[in-house]
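My numbering runs 154 ahead of the 1-based position in the sequence shown. No residue lacks a Cβ here, since even glycine has one placed at the ideal position from N, Cα and C. Fair warning: this is a prediction, and the values are worked out from it, not measured in the lab. Down below is the structure, laid out as structure tokens.
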Amino acid sequence: MKNTIGIIVGSLRKESFSKKLAQVVVGLAPTGYKFLIIPLDGLEIYNQDFDDYDMLPESYIQFRKTIFELDGVIFITPEYNRSIPGVLKNALDVASRPYGKNAWSGKPGAVFSNSPGNLSAFGANHHLRQCLVSLNVPTMQQPEVYLSNAKNLFDPKGDIQDPKIMEFIGTAVNAYIQWFEKNK
């Protein structure tokens, strides 16, 4: 039986650095694990009326089912205005509702942040961690993953150019697997 780890990417942009990083992470899945990128495109903005009046969009039904079936989750996020992108916050809200049916609860998590600048999406990383505390997602503390200058990380094929950065990402994925095994 494979452990399925969802990769949640906080960006919709076609050439997103977070999407490229997600592809790299998927390629590092160890034997016995399946890393699965969970698309956020088409997920309607959370509206409690959908739950209160039993008018759930199909996107909510499928997304919640997918999150419930995951064994763990790695969030890969850019930073918008010193916080997480709206699409990522929306995904957290959709799968944590209605009250008492939080699909994220108890799933071991990790946060990898990146930015084209030097701050490495530090604000987004920590805002996301605040949300995950509320959602009962035990989140890996070390190593912290902040990748700066993301615009220079990837070659035209989407591969990491710097072997030291690639080694660090591999170390972070291995640390997550250890974290997952202790917390599943």
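Contact under 8 Å by Cβ, residue i with residue j
i	j	result
G186	K219	no
T158	L190	yes
F171	K255	no
P232	S269	yes
P252	D205	yes
Candidates the options: closest to residue i by CA position
i	options	result
P262	V178, D309, P292	P292
L289	S250, L224, A326, V179	S250
I161	E169, V248, V178	V178
F229	Q216, L194, Y200	L194
M320	L182, K188, M209, H281	L182
F322	P297, I331, Q332	P297
I331	G226, V248, Q284, I215	G226
G260	W333, G164, K168	W333
Rounded separation between residue i and residue j - CA only
i	j	result
Y234	A278	7 Å
L246	S237	14 Å
T325	K243	27 Å
W258	P317	33 Å
L210	I221	16 Å
N337	L224	14 Å
N272	C285	24 Å
Boundaries (first-last residue) of the beta strand (DSSP E) holding residue i
i	result
T325	It is not in any beta strand (DSSP E) - T325 instead sits in the alpha helix (DSSP H) that spans 317-337.
L307	Segment: none, L307 is in no beta strand (DSSP E) and carries neither H nor E.
Residue i: first and last residue of the uninterrupted alpha helix (DSSP H) it sits in
i	result
I215	212-223
K243	240-250
- Item | contact_flag[the stretch 305-318, the stretch 164-183] where n(CB pairs < 8 Å) is 3 or more | yes
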